[in-house]
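Take a look at the structure below.
Numbering (mature numbering (1 follows the signal peptide of the UniProt record, and there is no 0)), first residue to last: -29 to -1, 1 to 216.
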């Protein structure tokens, strides 16, 4: 999601269609692995075949829901429906615009994702990649306000997506949010991600590439690992009653 772009629109009927991609993610990343997508994975309204994604061994998928105070990913609803139908644990994320009200963005996101605490739902995600012109202290206050508004509406601790350089510089390596689950973008080609200096002892999700390929997706796609067992992932995604313990 680093420097994510927003493009094109989609139709629900097209979401279940097939695409031409056929190369799977590295076996070493399986099975606690899954993509994150936005409108960028729908060039020319190309659908994602979420059944093919699931059949390739993916356990979860993240989809962009909103950005700022006005943008809703036009593929959010059809992708969400198809993810659920395919049996994928679903996560959603809000792309932060710190130049605008944190409270308004939190309310906007919560409204679109309808609380996000149902079956097959991971907790909500704040995607923080830009400062909006704010310095570290003001940006930390922005994040604090976003969480304060969003979390009573969802009943869940928000996951924080970022990358090491941004956190260390733009956020001043603050440790204030170390109690929030970390989704770290780190494309270092190693067996563990580079961690920001933010007080986290570990990571929850690791976006290890922005150029993966999966069956069912017609473009390159971000791929992520979950730091835990399949059983704990299912519990985290409210999926125990579906898949069994």
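For every residue, glycine included, the Cβ atom is placed at its ideal position computed from N, Cα and C.
These numbers were taken from a predicted model, which means no experiment stands behind them.
What does the Cβ neighbour count give for residue 227, buried or exposed, with the cut at 16 atoms within 10 Å? Coverage of the chain is limited to positions -29 through 216, which leaves residue 227 absent and any answer about it impossible.
Give me whichever residues DSSP pairs with residue 66 in a beta bridge. The count along the chain shown starts at 1 and reaches residue 66 at position 95. Secondary-structure assignment with DSSP links residue 66 through a beta bridge to 38, 98.
Going by beta-carbon coordinates alone, are residue 167 and residue 185 separated by less than 9 angstroms? By one-based count along the chain shown, residue 167 stands at place 196. By one-based count along the chain shown, residue 185 stands at place 214. Taking 9 angstroms as the Cβ cut-off, residue 167 and residue 185 do not qualify as a contacting pair.
Keeping to the same chain, check which residues put their C-beta closer than 6 angstroms to that of residue 24; ignore five residues upstream and five downstream. Translated into the one-based positions of the chain shown, residue 24 becomes position 53. The beta carbon of residue 24 lies closer than 6 angstroms to those of 185, 187 in the same chain, with the five residues before and after it left out.
How many Å lie between residue 190 and residue 130 at the Cα? One-based indexing of the chain shown puts residue 190 at position 219. One-based indexing of the chain shown puts residue 130 at position 159. Distance between residue 190 and residue 130, taken at the CA atoms: about 26 angstroms.
In this structure, how does DSSP classify residue 150 when only helix, strand and coil are distinguished? Residue mapping note: residue 150 aligns to position 179 of the chain shown, counting from 1. In this structure, residue 150 counts as coil in the three-state DSSP scheme.
Going by other Cβ atoms of all chains shown within 10 Å of its Cβ, with 16 needed for buried, is residue 41 buried or exposed? Counting from 1 along the chain shown, the entry for residue 41 is found at position 70. It counts as exposed.
Drop a sphere of 10 angstroms on the beta-carbon of residue 56, count the other beta-carbons inside from all chains shown, and report buried for 16 or more, exposed for fewer. As a position in the chain shown, residue 56 is number 85, starting the count at 1. Exposed, because fewer than 16 other Cβ atoms sit within 10 Å of the Cβ of residue 56.
Buried or exposed for residue 20, please, with buried defined as at least 16 other CB atoms from any protein chain shown within 10 angstroms of its CB. Position 49 of the chain shown holds residue 20. Flag for residue 20 reads buried.
Taking the beta strand (DSSP E) that residue 197 belongs to, which residues open and close that run? Sequence index remark: in the chain shown, residue 197 carries index 226 (1-based). Counting along the chain, the beta strand (DSSP E) containing residue 197 begins and ends at 192 to 197.
CA nearest to the CA of residue 217, picked from 164, 158, 38, 17: In the structure as shown, the chain starts at -29 and stops at 216, and residue 217 therefore has no counterpart that could be examined.
Use the C-beta contact count for residue 13: other C-beta atoms within 10 angstroms, 16 or more gives buried, fewer gives exposed. Here residue 13 is taken as the residue at index 42 of the chain shown, counted from 1. The residue in question, residue 13, is buried, as its Cβ has 16 or more Cβ neighbours within 10 Å.
Unbroken alpha helix (DSSP H) run spanning residue 114, endpoints: Position 143 of the chain shown, counted from the start, is the residue given in the question as residue 114. Here the alpha helix (DSSP H) through residue 114 covers 107 to 125.
Can you list, in chain order, the residues of its chain with a C-beta nearer than 7 angstroms to that of residue 121? Leave out the 5 residues immediately preceding and following it. For the purposes of this step, residue 121 is identified with residue 150 of the chain shown, where counting begins at 1. So the list reads 77, 80, 81, 95, 129, once near-sequence residues are dropped.
Would you identify the three-state DSSP class for residue 24, choosing helix, strand or coil? What you label residue 24 is simply residue 53 of the chain shown in a count that begins at 1. Here residue 24 carries a helix assignment [DSSP, helix/strand/coil].
Need the endpoints of the alpha helix (DSSP H) that residue 84 sits in, please. On the chain shown, position 113 is the one that residue 84 refers to. From DSSP, the alpha helix (DSSP H) with residue 84 extends over 73 to 84.
Roughly how many angstroms separate the alpha carbons of residue 74 and residue 59, rounded to a whole number? As a working mapping, residue 74 is identified with position 103 in the chain shown. As a working mapping, residue 59 is identified with position 88 in the chain shown. Looking at the two C-alpha atoms, the distance is approximately 30 angstroms.
Can you tell me whether residue 138 is helix, strand or coil according to DSSP? In the chain shown, residue 138 corresponds to position 167, counting from 1. Three-state result, residue 138: helix.
Given a threshold of 16 other Cβ atoms within 10 Å of its Cβ, counted over all protein chains shown, does residue 208 qualify as buried or as exposed? Stepping through the chain shown from its first residue, residue 208 is reached at position 237. By the 10 Å Cβ count, residue 208 comes out buried.
Compute the distance between the beta-carbons of residue 196 and residue 4, then report whether it is under 9 angstroms. Taking the first residue of the chain shown as 1, we reach residue 196 at position 225. Taking the first residue of the chain shown as 1, we reach residue 4 at position 33. Yes, the Cβ-Cβ distance between residue 196 and residue 4 is below 9 angstroms.
Cβ shell of residue 171 (< 7 angstroms), same chain only, five flanking positions each side left out: To locate residue 171, count along the chain shown from 1; it is residue 200. Result list for residue 171: 149, 153, in chain order.
Given a cut-off of 9 angstroms, decide if residue 210 and residue 83 are closer than it, judged by their beta-carbon atoms. Counted from its first residue, the chain shown places residue 83 at position 112. Counted from its first residue, the chain shown places residue 210 at position 239. No, these two residues do not count as a Cβ contact at 9 angstroms.
Going by DSSP in three states, residue 204 sits in which element: helix, strand or coil? On the chain shown, residue 204 is found 233 positions in, with the first residue counted as 1. DSSP places residue 204 in helix when its eight states are reduced to three.
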